[in-house]
Each structure stands twice: as structure tokens, then as C-alpha cells.
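This report refers to the structure that appears directly beneath it.
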Amino acid sequence: MKLFKQLLLATSMLVTAIAPSMAADADPDTLKVALLPDENASELIMRNQPLKDYLEATLNKKVQLIVTTDYSSMIEAMRFGRIDLAYFGPLSYVMAKSKSDIEPFAAMVIDGVPTYRSIIIANVNSGIESYADIKGKKMAYGDRASTSSHLIPKTVLIEEGGIEADTDYEQHFVGTHDAVAVNVANGNADAGGLSEVIFNFVVERKLIDPAKVKVIGHSKPFPQYPWAMRSNLDDDLKAKIRDAFVSLDDEEVLKAFKAEGFAPITDADYDVIRDMGKLLNLDFSKM
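Per mature numbering (1 follows the signal peptide of the UniProt record, and there is no 0): the sequence shown = residues -23 to -1, 1 to 264.
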């Protein structure tokens, strides 16, 4: 009986500790805004200072920019109400949605459309000229919860190359898109998958020697990275947040996203990601 009481007390204390985060403020004085951890954290914070300034002025609230250690920790932070809105990748959004009451509200527009592509690159000395040539080689992906540096390129290799991870090639997860490019350029991996936009950015910043890598293929267009927010935020605040992004035309803010603007989106736009997950037998709620 004594042991039962101790367990009951411990459980009560645990619930009490979790409850505040579960009952997050509907209209917080400071908005916690999470950025996708697909590049160096300090650079992301610095580059998005204009976004912070814009949101503070537009929403009349303090804003705290957050970069979590990886995709999974951002999903968990949203799940427990430790962040209010977040810039997800399509896959990490779908995973977060399966565990949290959240809603997407805007996706960036590039070249006039709210879509993007992944690319598969190869080291020029790897002997890879096509997807089929990746068989027996080392393939680099970013984060397991990344859409454009994992889910999409892996799906492309199955559907267009007829090859599967572990069975036909070695897969290695290196964390971020830029790390994929660097590992392929350095020869640590024979090939890799990442966002086309980020690859171009890595080349522009001269983080890799473009002469050491080649693009061997592109995916079809997929819905852009979504911004999503807690559904239990105040309705007026949610409307203001949506409008702040959809009406955004500040070039300094948009520069960080390499975008022309943001367009409204809904959860249904990401059903295509769920369909890819079925192809790979993924259970988003357990990832």
C-alpha cells in the first residue's frame, strides 16, 4: 500500500509538471517562434532577426526565435505547448500534426508558386550517372524527419530508380541539408538528397566546390514548407498571425527564406506527404 501511494504521488507530480505546458496561454505576451533546424542555429537566428522585428511590430508582442536541436525536438516542443508557431518541413509538419492540435496557415512562394523540389546530387568521382548507379553506394540524407533531404529523395529512388535503402545502398543521416552537400562534395558519401533551394544557397555561399558535385535528378514539385500554429491560440491572434504572413512584403524578411511571399494553405495540401509515407510504410505518430 505504501508503494502504491508513492507511485500515485509521483504520477500526480508528473501530471502537475506537464499540465502547464499542455494548457499553454491562448494569448501569450511573448510568442515563441521556432525555425526549422535545417542549417546552423546561430546563423538562422541572425538571418531571421528581420522576421522577429516584423512580427513584434505587426502583432504588438515580444517574439522569441527558437532553433531546436533537431526536427524531433521541435515536434515535441509544439506537442507540449512550449512553442506557439513553427516553420516546419512538410514531413515534420505531418508528424507534428499527428501528435498535436496545430494548424498550418502559410507557405512561402518562390517563382510564383508555393511548391519546391528536392534534388539528388552525386560526387563527380563516384561513377554515378543515374539513380540506378547509386546501388551499392553510400547515400547521405539530412534528418530522418526531413521532407526534402529524406522522404522525397528516398521515394524518388524507389519509384524512379527501383532501389531501396539498406537493401540496395547504405543510408547515412548527417542532420542538415548543407551537411549533405558537404559530405557528398568531400567524398564521405557518394550521393545525397536535399532541397534544391538550399543546395543553390550552399553553392552561392561557397560552402562547397560546385566542381566536385553534380545534380543527377530532380523530384516533381511538392507543397512548400508550412508555417503552423497552436490551434488553441486566441482566434483574434491567429487571424493576425495569418494576415501578418500572407500580407508580408518586407524584402529583408523574405530574403532569409529566399521567397517572394507567403500564400494561405490548409492541412489537405499535405496529404501528398502522407501518401509518400504510406509508400515507405511510415507511422508518423511513432517517428
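The C-beta atom is built at its ideal place from N, Cα and C for all residues, glycine as well.
What's the C-alpha gap between residue i and residue j?
i                : j                 : result
valine 179       : serine 172        : 10 Å
lysine 191       : phenylalanine 199 : 22 Å
leucine 231      : tyrosine 48       : 22 Å
asparagine 100   : phenylalanine 65  : 29 Å
phenylalanine 57 : arginine 219      : 22 Å
glutamate 16     : isoleucine 22     : 10 Å
methionine 206   : isoleucine 129    : 24 Å
glutamine 148    : arginine 94       : 21 Å
tyrosine 247     : valine 71         : 7 Å
alanine 54       : serine 224        : 27 Å
alanine 216      : glycine 238       : 18 Å
proline 187      : aspartate 155     : 13 Å
lysine 38        : methionine 85     : 23 Å
asparagine 102   : threonine 144     : 23 Å
aspartate 6      : histidine 195     : 43 Å
aspartate 120    : serine 50         : 12 Å
Applying the 10 Å Cβ sphere with the 16-neighbour rule, what's the burial state of residue i?
i             : result
serine -3     : Residue placement at serine -3 is poorly supported in this model, since its pLDDT is 41, which falls under 50; the coordinates are not used for a value here.
glutamine 26  : exposed
leucine 257   : exposed
aspartate 78  : exposed
glutamate 229 : exposed
lysine 131    : buried
threonine 153 : buried
glycine 104   : exposed
glutamine 201 : buried
For residue i, tell me which candidate among the options has the shortest Cα-Cα distance.
i              : options                           : result
histidine 127  : Gly139, Val151, Met55 and Pro187  : Val151
threonine 46   : Leu36, Lys74 and Leu13            : Leu13
tyrosine 31    : Met253, Ala233 and Asp252         : Ala233
alanine 240    : Glu228, Pro203, Glu229 and Asp213 : Pro203
isoleucine 52  : Gln41, Leu68, Leu42 and Leu214    : Leu68
threonine 243  : Glu137, Glu80 and Asp61           : Glu80
alanine 73     : Ser123, Ala156 and Phe176         : Ser123
isoleucine 193 : Lys183, Leu134 and Ala142         : Leu134
lysine 169     : Val40, Tyr118, Thr132 and Phe82   : According to the sequence provided, residue 169 is glycine. The question's lysine does not apply to it. Here the closest residue by C-alpha is Tyr118.
residue 318    : Ala18, Lys189 and Thr35           : Residue coverage of the chain in this structure runs from -23 to 264, which leaves residue 318 outside it and unanswerable.
arginine 251   : Ser75, Val40 and Gln41            : Ser75
isoleucine 96  : Ser208, Met253, Lys197 and Lys255 : Lys197
Just to confirm the assignment, what range does the beta strand (DSSP E) spanning residue i have?
i              : result
asparagine 100 : 95 to 100
alanine 84     : 79 to 86
proline 241    : 238 to 241
serine 172     : 168 to 172
valine 10      : 7 to 11
glutamate 147  : 147 to 150
Which residue marks the beginning of the alpha helix (DSSP H) containing residue i, and which one marks its end?
i             : result
arginine 24   : 18 to 24
isoleucine 60 : Here isoleucine 60 belongs to no alpha helix (DSSP H), and DSSP marks it neither H nor E.
isoleucine 43 : Unbroken run through isoleucine 43 is the beta strand (DSSP E), 39 to 43; no alpha helix (DSSP H).
alanine 117   : Counting along the chain, alanine 117 falls outside any alpha helix (DSSP H), though it belongs to the beta strand (DSSP E) covering 115 to 118.
Quick one: does residue i have its CB under 7 Å from some CB of chain D?
i           : result
glycine 138 : The displayed structure is made up of one protein chain only, and chain D is not part of it.
Since residue i and residue j should fall inside the 8 Å C-beta cutoff, what is the C-beta to C-beta distance between them, to a whole number of angstroms?
i              : j                 : result
isoleucine 87  : isoleucine 60     : Contact flag wrong, Cβ pair sits at about 25 Å.
alanine 166    : lysine 115        : 5 Å
isoleucine 235 : valine 159        : Looking at the sequence itself, residue 235 is lysine, so the reference to isoleucine does not match. Contact flag wrong, Cβ pair sits at about 19 Å.
leucine 62     : leucine 8         : 7 Å
glycine 89     : tyrosine 108      : Not really, about 29 Å apart at Cβ, beyond 8 Å.
proline 82     : phenylalanine 176 : One point to set straight first is that residue 82 is phenylalanine, not proline, in the sequence displayed. In fact, because the Cβ distance is near 27 Å, the residues do not count as touching under 8 Å.
leucine 210    : alanine 3         : 6 Å
isoleucine 140 : lysine 112        : 5 Å
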